[in-house]
Structure formats: structure tokens, C-alpha cells
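Quick note: to get my numbering, add 13 to the position in the sequence shown (first position is 1).
Notes follow once the structure below has been shown.
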Amino acid sequence: MLTIENVYKSYAGPSGPVPVLDGVSLHLSPGSSLALTGDSGSGKSTLLHLAAALDQVDSGEVIVNDISLADLDDSGRAWLRRHHVSLVFQQFNLIPALSVAQNISLHARLAGNADHDWIDALTERLGLRELENRYPEQLSGGQQQRVAIARALALRPKLLLADEPTGNLDETSSASVMSLMLELVRETGAALLLVTHSSAIAARLDQQVHLTSGRLFKDSA
Ligand code: ADP
Ligand code: MG
């Protein structure tokens, strides 16, 4: 579902390019999950952005759903993001002017792929039924993240990319949000790449890798 092959990425610094990813490879099969850990600034979000076709590699290859991103133009990348890849961020990124129900169905509707029974089931399973008519500012952090997870899964993505999704939540709501997310991801058969600081959360996924000095190492967690 996701293959990253010998990827290099650097950013322009004041005195020349600053390397961030220095030959990174990984493979994620459909339905499998991978936890990515690493110090702040090690390049975790950069790697996720490359997998999401939000940014481009300097060299190497990113393949999503058997499509090499290098073969796509801007509109091809936008199409891939819209139909096959969902993201969940630490900052939730809900649309303030839309209700909970509207936020949940937004991406699926934009993709022309709104399955109302499935959206209804997600709303129920994530405990959002009573909150459907509220607006994001009227929700707790844990509730906002449950809306973001429902929105991400509503279009049944092939690949879910989550960047420290529980980083802004307290321990109790982090644990329950993570349990729900992992359970629903397994049901959809999506592949999951999850960035986390928590080794306890990382241990709940199929594989664990650690990013340091631009390279990935397998964790023996
Ligand atoms: P992490 O998510 O692991 O904390 P990031 O991928 O966000 O790390 O960042 C890795 C490094 O790349 C950091 O040193 C950061 O400052 C730098 N960086 C990230 N995005 C940009 C950008 N758009 N332009 C320049 N430098 C960037
Ligand atoms: Mg980051």
C-alpha cells in the first residue's frame, strides 16, 4: 500500500541544503500498521508529508496504492490524496464553521464517496451522536480528535497517515481515542503509518521504526 524506497530529502538552509531524510526505505502492506518514533526535528512529519503526496522527494521513490508519485502531476497528486489517503494531525484541523456532522462527511463528499451508512456507523462508534450539531469550538480535545478520525475514515482510505494524533490529549482520552482509531482502521483494512512519542502506543502497532540522523532503524519493542 505504501512503499518508500531510498528517499532523500533536504530543505534549503542559510548555508546550503540541510539533509533531513538520508536514504529512507519502508514498506507497509494493506491492513498493516507501522509506528514511527524519533526526536523532535528528526524528520517524521517530513516523511509523512512525502507519503501524503504533499511534498516531493529529492531522490528515491514513493509508491502509494501501486502508483509511483513521481508519475503524477499536481492534479494527479490531488486526486490520490482525495481518494486514497487520509490524514489525522495533532491539531485536529477541523473546519470551525462546520458542524460535527458536516466535518465528518466533508472529505467523503468532496471525493464523491459519501457512504451514509458507514458515516452513521462511524458517528455512533466514535460516540459522536449527541455532538453532531455542535461546532468544533464546543468540543473537548478528545472529542475533536474523534471527529477528525471519523472524517479521515469516512472515505475508507487505503492509507491513513496520523501525525501524533494524541499529542494534545491527556493520557486517559489519548488511550481511548487510540483504541477506537486502531479498531476502526483494522475494520477498514487501511494501512496505517502513525507518528507517536509514546512507546506504549507504538507497541500496539504491527511494526515499530525509529528515525534518527535521517535514517530508519527497526525498533525491537
Ligand atoms: P519532526 O516531525 O520529526 O519533528 P520535521 O519533519 O517537522 O520533524 O522537521 C525535520 C527538520 O526539517 C527540522 O529541522 C525542521 O526544522 C526542518 N523543516 C521541516 N519543514 C521544513 C520546511 N518547509 N522548510 C525548511 N525546513 C523544514
Ligand atoms: Mg512533526
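Positions of the beta carbon are idealized from the N, C-alpha and C atoms, including for glycine.
Quantities reported herein were computed from a predicted structural model and do not represent experimental measurements.
Quick one: is the Cβ of residue i within less than 6 angstroms of any heavy atom of the ligand MG?
i, result
"Lys-57", "yes"
Residue i: beta carbon under 6 angstroms from a heavy atom of the ligand ADP?
i, result
"Gly-54", "yes"
"Val-190", "no"
"Val-101", "no"
"Leu-21", "What sits at residue 21 in the sequence shown is Tyr, not Leu. Checking every heavy atom of the ligand ADP against the Cβ of Tyr-21, none is found closer than 6 angstroms."
"Val-75", "no"
"Val-33", "yes"
"Tyr-148", "no"
Tell me the DSSP secondary structure of residue i in three-state form.
i, result
"Pro-149", "helix"
"His-62", "helix"
"Ile-80", "strand"
"Asp-35", "strand"
"Leu-205", "strand"
"Arg-122", "helix"
"Asp-68", "coil"
"Ile-17", "strand"
"Lys-231", "strand"
"Ala-110", "coil"
"Ser-192", "helix"
"Gly-73", "strand"
"Gln-157", "helix"
Express the C-alpha separation of residue j and residue i in angstroms, rounding to a whole number.
i, j, result
"Ala-110", "His-120", "15 angstroms"
"Gly-154", "Ser-211", "18 angstroms"
"Asp-128", "Pro-32", "42 angstroms"
"Tyr-148", "Gln-104", "16 angstroms"
"Phe-102", "Gly-180", "9 angstroms"
"Thr-185", "Arg-138", "18 angstroms"
"Arg-217", "Leu-85", "34 angstroms"
"Ala-25", "Leu-229", "22 angstroms"
"Ile-162", "Ala-83", "29 angstroms"
"Leu-172", "Gly-29", "34 angstroms"
Does residue i come within less than 7 angstroms of chain D when only Cβ atoms are used?
i, result
"Val-77", "In summary, chain D is missing from the structure at hand, where a single protein chain is found."
Discussion item. Under 8 angstroms, with one C-beta from each stretch per pair, do the segment 31-38 and the segment 220-227 reach the 3-pair mark?
Written reply: yes
Worksheet item: Is the segment 15-30 in contact with the segment 58-78, if contact means three or more CB pairs nearer than 8 angstroms?
Response: yes
Given 8 angstroms as the limit, is there contact between the segment 198-205 and the segment 166-185, that is, 3 or more CB pairs closer than that? yes
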